[in-house]
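Below is one structure, written out as structure tokens; the observations come after it.
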Amino acid sequence: MPRLHPEPLLFCLAWFALALWGGSVSLWLGILLTVGMASVLMPVSAAIVTKREDWALERQVRWGILLVAALGVLLCRVLLAP
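Sequential numbering of the sequence shown, starting at 375, is according to the working numbering.
Encoded structure:
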């Protein structure tokens with residue numbers, strides 16, 4: 375059985391939690407987070423790894439994108455609050 379790496383697992387759980395939080399704000403926001411982040415993260419990660427082979431930079435960019443998405447959900451939460 376392959377070894378389990380905790381950092382990617384933590385990232386996936388954080389992404390899942392963010393999508394659930396976005397879905398609690400608006401169903402469309404949850405769907406947008408899930409599909410939109412996948413369509414942004416995969417090409418960006420692949421480009422960084424194939425062109426620079428820098429795993430640390432890829433990790434920083436990946437977590438940065440997640441942080442920007444979380445700030446976007448927070449902004450939507452504040453703007454859509456009754």
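Glycine residues also receive a C-beta, built at the ideal position from the N, C-alpha and C atoms. Values in this document were obtained by computation on a predicted structure and should not be read as measured data.
Using 8 Å as the threshold, is the C-beta distance between residue i and residue j below it?
| i | j | result |
| --- | --- | --- |
| residue 404 | residue 397 | yes |
| residue 451 | residue 385 | no |
| residue 392 | residue 455 | no |
| residue 432 | residue 423 | yes |
Who are the Cβ neighbours of residue i in its own chain at under 8 Å, not counting the five residues just before and after it?
| i | result |
| --- | --- |
| residue 406 | 396 |
| residue 429 | 423 |
Which value, in whole angstroms, describes the spacing of the CA atoms of residue i and residue j?
| i | j | result |
| --- | --- | --- |
| residue 448 | residue 439 | 14 Å |
| residue 453 | residue 390 | 22 Å |
| residue 380 | residue 426 | 23 Å |
| residue 446 | residue 375 | 38 Å |
| residue 394 | residue 408 | 9 Å |
What does a CB cutoff of less than 7 Å around residue i pick up in its chain, not counting 5 residues either side in sequence?
| i | result |
| --- | --- |
| residue 388 | 440 |
| residue 414 | 439 |
Looking only at its own chain, which residues have a Cβ that is under 6 Å from the Cβ of residue i, when we skip the five neighbours before and after it?
| i | result |
| --- | --- |
| residue 377 | none |
Can you tell me where the alpha helix (DSSP H) with residue i in it begins and where it stops?
| i | result |
| --- | --- |
| residue 433 | 429 to 454 |
| residue 375 | First-last for residue 375: undefined, no H or E at that position. |
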